[in-house]
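Asker:
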Amino acid sequence: MLIFEHSRPGRRNYSQSPTTPAEKQAIPQNLLRKSPVLLPEVSEMDAVRHYTRLSQKNFSIDTEFYPLGSCTMKYNPRACNALAMLPQFLARHPLAPEDTGQGFLACMYELQEILKDVTGMAGVSLTPMAGAQGELIGVMMIRAYHEARGDKKRTEIIVPDAAHGTNPATAVMCGYKVVEITTDKEGNVDMDALKAAVGPQTAGLMLTNPSTLGVFEKNISEMSRIVHEAGGLLYYDGANLNAVLGKVKPGDMGFDVIHINLHKTFSTPHGGGGPGAAPVGVAERLLPYLPIPMVAHEKGVYRWLTEEDVPQTIGRLSAHMGNAGVLLRAYIYVRLLGAEGMNRISQYATLNANYLMAELRKAGFEIAYPTRRASHEFIVTLKEIKERTGVTAMNLAKRLLDKGYHAPTTYFPILIPECLLIEPAETESKQTLDAFVTAMKEILQEIEDQPDMVKSAPHNMPLRKLDDVRAARELDLAWKPQ
Amino acid sequence: MPFIPHTEEDVEEMLASIGAASIEELFDEIPPDLKTGNLSRVPPGMTEMEITRLMHERAQADGFYLNFIGAGAYEHHIPAAVWQITTRGEFYSSYTPYQAEASQGTLQLLYEYQTMMASLTGMDVSNASLYDGATALAEAALMAVRQHKTSRRILVPGTAHPTYRKVLRAIVRNQDIEVVEIPFDPESGQVIPEQLDPFGQEEFAALVVPQPNFFGVLEQVDTLTDWAHKKNSLVIAVVNPMSLAMLTPPGEWGTKGADIAVGEGQPLGIPLSSGGPYFGFMACKQELVRQMPGRIIGKTVDLDNKPGFVLTLQAREQHIRRSKATSNICTNQGLMVTAATIYMSLLGPEGLRRVAAQSHANLLQLVEKLETIPGVKRAHSGFCFHEAALKLPGPIDEILQALKAQGILGGLSLQDYYPALSNTLLVCTTETKTPVDLDKFGEVLGKILKKYK
Chain G
1 MLIFEHSRPG RRNYSQSPTT PAEKQAIPQN LLRKSPVLLP EVSEMDAVRH
51 YTRLSQKNFS IDTEFYPLGS CTMKYNPRAC NALAMLPQFL ARHPLAPEDT
101 GQGFLACMYE LQEILKDVTG MAGVSLTPMA GAQGELIGVM MIRAYHEARG
151 DKKRTEIIVP DAAHGTNPAT AVMCGYKVVE ITTDKEGNVD MDALKAAVGP
201 QTAGLMLTNP STLGVFEKNI SEMSRIVHEA GGLLYYDGAN LNAVLGKVKP
251 GDMGFDVIHI NLHKTFSTPH GGGGPGAAPV GVAERLLPYL PIPMVAHEKG
301 VYRWLTEEDV PQTIGRLSAH MGNAGVLLRA YIYVRLLGAE GMNRISQYAT
351 LNANYLMAEL RKAGFEIAYP TRRASHEFIV TLKEIKERTG VTAMNLAKRL
401 LDKGYHAPTT YFPILIPECL LIEPAETESK QTLDAFVTAM KEILQEIEDQ
451 PDMVKSAPHN MPLRKLDDVR AARELDLAWK PQ
Chain C
1 MPFIPHTEED VEEMLASIGA ASIEELFDEI PPDLKTGNLS RVPPGMTEME
51 ITRLMHERAQ ADGFYLNFIG AGAYEHHIPA AVWQITTRGE FYSSYTPYQA
101 EASQGTLQLL YEYQTMMASL TGMDVSNASL YDGATALAEA ALMAVRQHKT
151 SRRILVPGTA HPTYRKVLRA IVRNQDIEVV EIPFDPESGQ VIPEQLDPFG
201 QEEFAALVVP QPNFFGVLEQ VDTLTDWAHK KNSLVIAVVN PMSLAMLTPP
251 GEWGTKGADI AVGEGQPLGI PLSSGGPYFG FMACKQELVR QMPGRIIGKT
301 VDLDNKPGFV LTLQAREQHI RRSKATSNIC TNQGLMVTAA TIYMSLLGPE
351 GLRRVAAQSH ANLLQLVEKL ETIPGVKRAH SGFCFHEAAL KLPGPIDEIL
401 QALKAQGILG GLSLQDYYPA LSNTLLVCTT ETKTPVDLDK FGEVLGKILK
451 KYK
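Chains G and C supply the protein sequences, listed in that same order.
Residue numbering for the first sequence follows UniProt numbering, starting at 1 and increasing by one per position.
Residue numbering for the second sequence follows UniProt numbering, starting at 1 and increasing by one per position.
#1: Just the chain B side, please: which residues come within less than 9 Å of residue 222 of chain C by C-beta, in chain order?
#2: Who are the neighbours of residue 365 of chain G on chain C, taking C-beta pairs under 8 Å?
#3: Could you say which of G:59, G:41, G:42 and G:208 lies nearest to residue 403 of chain G if we only look at CA atoms?
#4: Given a threshold of 16 other Cβ atoms within 10 Å of its Cβ, counted over all protein chains shown, does residue 318 of chain G qualify as buried or as exposed?
#5: List the residues of chain G that residue 13 of chain C touches, going by C-beta distances under 9 Å, in chain order.
#6: State buried or exposed for residue 413 of chain C, treating a residue as buried only when at least 16 other CB atoms are found within 10 Å of its CB.
#7: Does residue 174 of chain G get closer than 8 Å to chain C when you measure Cβ to Cβ?
#8: Counting only beta-carbon atoms, is residue 270 of chain G nearer than 8 Å to chain C?
#9: When Cβ atoms are compared, which residues of the region 121 to 154 of chain G fall closer than 8 Å to chain C?
#10: Between C:257, C:21 and C:408, which lies nearest to residue 440 of chain C when the distance is taken from Cα to Cα?
#11: Just curious, the beta strand (DSSP E) that residue 178 of chain G is in, first and last residue?
#12: Measure the Cβ-Cβ separation of residue 398 of chain G and residue 457 of chain G and say whether it is below 8 Å.
#13: Per the contact definition of three or more C-beta pairs closer than 8 Å, is the region 353 to 364 of chain C in contact with the region 428 to 439 of chain C?
#14: Assign residue 194 of chain C to one of three DSSP states: helix, strand, or coil.
#15: Just to confirm the assignment, what range does the beta strand (DSSP E) spanning residue 298 of chain G have?
#16: Residues in the region 308 to 324 of chain C with C-beta within 9 Å of chain G's C-beta atoms, listed in sequence order?
#17: Give the interface partners of residue 466 of chain G over in chain C, defined as CB-CB distance under 7 Å, in chain order.
#18: Taking 7 Å as the limit between beta carbons, can you name the residues of its chain near residue 196 of chain C, skipping five residues before and five after?
#19: Using 8 Å as the limit for Cβ to Cβ distance, is residue 341 of chain G near chain C?
#20: Would the beta-carbon of residue 81 of chain C fall within 8 Å of that of residue 44 of chain G?
#21: Tell me the residue span of the beta strand (DSSP E) that contains residue 259 of chain G.
#22: List, from N- to C-terminal side, the beta strand (DSSP E) runs of 3 residues or more that fit wholly inside the region 93 to 147 of chain G.
#23: Counting only beta-carbon atoms, is residue 426 of chain G nearer than 8 Å to chain C?
#24: Do the region 330 to 347 of chain G and the region 136 to 150 of chain G touch if we need at least three Cβ pairs shorter than 8 Å?
#25: Just to confirm, is the Cβ distance from residue 72 of chain G to residue 265 of chain G under 8 Å?
#26: What residue from G:189, G:215, G:481 and G:198 has the CA that sits closest to residue 70 of chain G's CA?
#27: Contact between the region 124 to 136 of chain C and the region 187 to 195 of chain C is defined here as three or more beta-carbon pairs at a separation below 8 Å; is this criterion met?
#28: Just checking, does the region 235 to 242 of chain G make contact with the region 94 to 104 of chain G on the three C-beta pairs under 8 Å criterion?
#29: Can you name, in chain order, every residue of its own chain whose Cβ lies under 7 Å from the Cβ of residue 110 of chain C, other than the five neighbours on each side?
#30: Decide if residue 375 of chain G is buried, meaning its Cβ has at least 16 other Cβ atoms within 10 Å, or exposed.
#31: Would the region 416 to 431 of chain G and the region 387 to 397 of chain G be scored as touching if the rule is three or more Cβ pairs under 8 Å?
#32: So which residues of chain G does residue 166 of chain C contact, with C-beta pairs closer than 8 Å?
#33: Exposed or buried, which one is residue 303 of chain C when buried takes at least 16 other CB atoms within 10 Å?
#34: At a CB-CB cut-off below 7 Å, which residues of chain G make contact with residue 152 of chain C?
#35: Determine the DSSP secondary structure at residue 174 of chain G, reduced to helix, strand or coil.
#36: May I ask which residues mark the beginning and end of the alpha helix (DSSP H) holding residue 80 of chain G?
Written as structure tokens, this is what we have:
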């Protein structure tokens with residue numbers, strides 16, 4: 001039932017808006033609204049009950065194991081939320097004077113410094129509001145760098161075929177042509193393909209390391225040399241930073257620019273699809289182009305850096321300074337964990353992934369890169385199962401929902417047929433992983449015994465399989481009163 | 001170990017299963033010379049009790065003020081239920097609803113949101129959010145260019161939010177899109193439709209129409225919309241969603257209505273929070289839906305013909321289309337939309353209208369009061385919603401400083417954004433300001449301004 005269907009004309013929550021109609025009004029008739037606004041008329045309890053019940057139809061980290069590869073679904077500490085929502089932080093207007101926000105700005109400045117250390121970069125700007133915006137800003141800086149040098153022939157960005165879809169989409173938004181390069185049998189970027197693709201037209205290479213295939217690009221130093229010698233820059237997609245936190249710094253791998261998904265590695269909530277935050281870090285030579293505002297600390301006072309301080313900046317990419325409240329949560333998280341806690345993240349994320357990979361292999365699942373270590377995630381392929389039984393990766397994913405587990409990422413990376421990208425994250429216990437393996441074994445048996453039942457999963461969810469084709473063909477994007 | 005549940009016994013068993021001697025061995029594919037990750041500048045960890053004290057101290061240092069700053073971020077009362085429900089773990093800690101059967105809560109909520117926003121803006125369809133108002137404008141400009149096909153020129157009036165204009169330029173710069181700024185009438189604080197013709201001689205993809213504009217002034221939206229449509233261009237409305245409880249929605253502007261409506265969703269239940277997270281909204285006419293960026297939720301049925309909701313029109317998006325997507329956007333501001341939907345449900349049509357009307361009435365009250373102070377007068381003659389520019393008889397920075405010393409953030413100095421507008425204050429009132437607050441502002445400002453007579 002939709003909230004609109006709970007509506008009764010005249011029902012109102014009198015305590016939540018002015019109790020009497022406003023007395024004064026000075027707006028000409030032709031600018032005044034005449035049509036009614038389609039909002040529900042419900043009591044506070046109606047609304048609370050409705051949205052509480054809706055929430056219960058979601059899987060979430062707080063309720064289920066959520067091994068969604070490439071998304072780092074780790075526990076979101078409640079303290080981070082509670083402390084970021086202290087009333088003074090919530091009440092602070094973004095354009096309020098700097099001296100009324102020294103507490104907030106101190107947190108932002110320290111977060112910048114911490115992220116510099118974590119990434120091995122010379123400068124950090126916190127403003128990007130999501131991974132995709134971090135990428136956009138990163139590639140904009142690459143472009144600004146080449147342009148400032150009068151180097152206008154660089155028209156291409158190289159992207160591995162295993163990359164997130166945002167990588168090529170971002171390159172295009174920055175006016176670049178995308179050159180995709182292939183992956184070798186071991187899951188590394190094909191070095192011959194890279195050498196063939198690189199040239200004077202190369203603006204940069206976008207790379208995730210460990211890659212989306214769940215393996216570390218061993219040849220990264222060589223790749224860095226090849227791209228740099230051709231005059232290109234290296235972009236690090238920080239989606240998988242969780243795997244190497246405190247082990248390897250992207251700056252030391254030769255990367256010139258990086259974005260860090262705080263909603264992954266720094267455990268800010270995913271919120272059912274955002275808000276995220278993806279600060280960008282840069283090496284020395286890209287410092288002049290960082291987006292504003294950033295926070296400076298001078299003579300004991302924190303202040304915003306603006307166009308005057310960073311004249312070559314690529315500019316402003318949000319109305320204020322990005323998702324400030326998300327940044328606060330990340331700051332609290334990193335202070336809770338400290339350096340030692342940051343080191344533990346990559347250790348236990350890697351332990352969990354390799355353990356789960358070992359156990360699933362023993363259970364009879366085919367691992368996409370069996371000779372490799374898992375980073376913090378790994379890929380299972382159902383290619384053989386699909387050919388033999390017709391059961392797909394999506395079927396298995398839906399059957400996992402029935403058993404109380406969120407599905408792994410399916411059909412990504414696209415170069416592995418019938419794949420499940422599995423990322424357990426460091427906050428899950430061995431017991432949870434074991435129970436998941438048991439569920440996976442059960443499904444493997446079900447595929448043999450009753451493949452049609454698996455193909456028509458889910459069976460125990462509030463709804464059965466939904467018709468995506470009909471949704472796109474008979475578009476219904478808003479409710480209409482009967 | 002904070003947030004890591006492993007016992008020593010667990011670790012031993014896990015390593016045995018893997019066949020590794022230590023956790024460190026699991027990193028043996030990383031070349032040794034790259035293992036330089038030692039974190040020397042990250043401070044040691046804190047307990048929850050310690051970080052709680054630190055954050056309370058920092059929050060207290062920032063304090064509370066009686067705030068009259070608006071300029072794109074507005075202080076409205078947020079019912080307690082909004083964030084209590086929004087931060088339930090099932091909303092807070094779930095991911096983008098790719099697995100529809102396990103995400104019906106978020107998906108249905110987003111469908112309800114799309115319904116509310118389409119109605120509020122008077123448009124046919126809404127997406128499920130963008131990052132913020134400024135980036136929503138940039139996405140609208142890109143969308144208009146895709147739709148128009150023959151022109152890559154966007155007309156933006158100087159009355160549009162200055163930061164939005166900066167963000168727009170920064171984002172479209174690399175795509176050969178020309179942003180042309182059109183002037184406004186300094187006396188009324190509006191765009192004068194009769195002065196637009198020189199800008200319409202060359203083809204353009206879209207005209208941006210802010211309502212209310214950055215000065216709080218109401219534009220002549222009907223005439224502007226019809227003018228742009230006569231030139232075969234699109235109209236992008238940039239609107240404050242709260243104002244739409246009172247003002248003509250973009251879908252009803254002029255003869256045919258605006259084509260795309262975007263704006264900052266923050267007034268709908270999102271706290272000011274130093275600027276974010278907020279959310280951008282975008283609604284458009286049906287024929288533009290396939291050009292729209294961002295997530296879109298559609299209603300469908302399951303195998304038993306029961307109604308349900310899914311992400312739809314995904315063929316526009318980066319994870320399917322990669323380099324040919326309408327935008328690179330994916331995850332954006334889902335949780336903020338959750339709050340906004342609950343906010344709009346709790347307020348209802350009459351509640352929202354009263355909040356808008358009281359915000360407007362308070363502005364009239366405040367301006368009337370402040371204009372009784374010698375030397376204070378409105379900078380523009382146009383009608384306002386809940387924000388207005390005031391000329392002050394003295395140096396604005398000094399005056400704002402003096403107000404702040406008495407616990408009042410008096411507004412925004414316009415000088416930094418419009419050099420011609422020296423000593424001009426942009427003040428905003430919402431329903432949160434009581435008659436006592438308005439009196440206090442008037443009295444304190446009156447005393448401060450005495451020395452500039």
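Glycine included, every Cβ here is placed at the ideal spot set by N, Cα and C.
Please read these numbers as outputs of a predicted model, since none were measured by experiment.
Answerer: According to the structure data:
#1: The structure shown contains no chain B; the protein chains it does contain are G and C.
#2: The contacting residues do not exist; residue 365 of chain G stays about 15 Å from chain C at best.
#3: G:59
#4: Looking at its Cβ environment, which holds 16 or more other Cβ atoms inside 10 Å, residue 318 of chain G is buried.
#5: 355 and 430
#6: Residue burial annotation: residue 413 of chain C is buried, with at least 16 other C-beta atoms found within 10 angstroms of its C-beta.
#7: yes
#8: yes
#9: 129, 130, 131, 132, 133, 135, 136, 140 and 143
#10: C:408
#11: 177 to 181
#12: yes
#13: yes
#14: helix
#15: 294 to 298
#16: Going along the region 308 to 324 of chain C in chain order, one finds 308, 309, 310, 311, 312, 313, 314, 315, 317, 318, 319, 320, 321, 322, 323 and 324 with a Cβ nearer than 9 Å to chain G.
#17: In chain order: 100, 101, 300, 302, 308 and 310.
#18: 182 and 227
#19: yes
#20: yes
#21: 257 to 259
#22: 123 to 125
#23: yes
#24: no
#25: yes
#26: The shortest C-alpha separation from residue 70 of chain G is found at G:215.
#27: no
#28: Three or more beta-carbon pairs separated by less than 8 Å are not found between the region 235 to 242 of chain G and the region 94 to 104 of chain G, which leaves the two stretches without contact.
#29: 128, 297 and 337
#30: buried
#31: yes
#32: 315 and 316
#33: exposed
#34: Here the premise fails: no neighbours, minimum Cβ distance about 12 Å.
#35: coil
#36: For residue 80 of chain G, the enclosing alpha helix (DSSP H) covers residues 78 to 84.
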